[in-house]
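The C-terminal residue of the sequence shown carries number 490 in my numbering, and the numbering is unbroken.
From the three backbone atoms N, C-alpha and C, an ideal C-beta is built for every residue, glycine too.
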Amino acid sequence: MDERLAKLSQILTNGLSFSQIELGPTVIQTNWITLTGAPGSGKSTICQILKEQGYTIVPEMSRMLIEQALKKGFSINEIMSNPESLTNAVLMGNLDRTKRFAPDTVLIWDTGIFDSAAFYQVSGVNYNNRMDFLTKYRYKGVILLEMIYQNKLAEDIARPQTNKLRRSIDLALRKTYDEAGYLLTTIPVMDINSRVKRVQSVINAILE
């Protein structure tokens with residue numbers, strides 16, 4: 283690994299490694315709800331509105347890491363050139379910050395820990411050796427936003443994926459969550475106010 287790639291890896295992982303992440307022997311059931319979906323499906327926009335309405339939101343780790351690396355002078359192409367490395371960093375970052383969250387606290391995740399399984403799959407990475415990390419926490423519910431097909435997403439530098447790749451991620455999310463035993467509640471594309479109300483209704487039903 284050359285010096286620049288090593289520096290990028292250090293920025294993305296914040297010095298973390300899987301060997302530093304301690305996992306207990308049991309899966310932890312939580313009151314956490316994941317809002318998932320392909321890049322550009324509207325998760326962060328809806329989460330921002332939910333936050334303004336009083337929900338506790340866990341921000342998207344991938345966006346945070348990408349924006350951090352961009353500020354350090356790395357291009358989006360450099361950041362995205364090794365999807366396995368980025369996905370590892372996202373997974374480790376998500377697991378590391380769970381130390382601040384009580385499992386019985388109601389949290390809305392802007393993309394959850396288990397989303398990394400779909401990104402490994404799309405990248406063609408065998409992630410069997412990561413399953414203990416991916417499945418350590420069990421969500422109360424999972425809400426999937428149907429993806430939005432639009433060229434405007436190219437204006438978001440943290441969302442360089444093509445519509446074709448976004449569709450592959452959408453399908454992988456559905457497949458991996460289904461295989462993990464989750465019942466996905468899907469929210470179709472509609473105006474933002476109606477979509478937020480639909481998400482709120484699902485959250486309330488999950489928490490009943």
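Secondary structure at D414: helix, using DSSP grouped into helix, strand and coil. In its chain, beyond the 5 residues on either side, L466 have a beta carbon closer than 8 Å to the beta carbon of D460. In this structure, I485 sits away from G394, with a CB-CB distance that is not shorter than 9 Å. Shown here for R480: same chain residues with a beta carbon closer than 7 Å to its own, the five before and five after excluded, namely I469 in chain order.
Between E428 and D397, the C-beta gap is not smaller than 9 Å, which leaves the two residues out of contact. Bridge partners of D386 according to DSSP: none are assigned. Classified as exposed, V309 has fewer than 16 neighbouring CB atoms from the shown chains inside 10 Å of its CB. Sequence-distant Cβ neighbours of T312 in its own chain, meaning closer than 7 Å and more than five residues away, are P385, Y419, R420, Y421, K422. If you look at T458, you'll find it isn't in any beta strand (DSSP E); it sits in the alpha helix (DSSP H) that goes 445 to 461.
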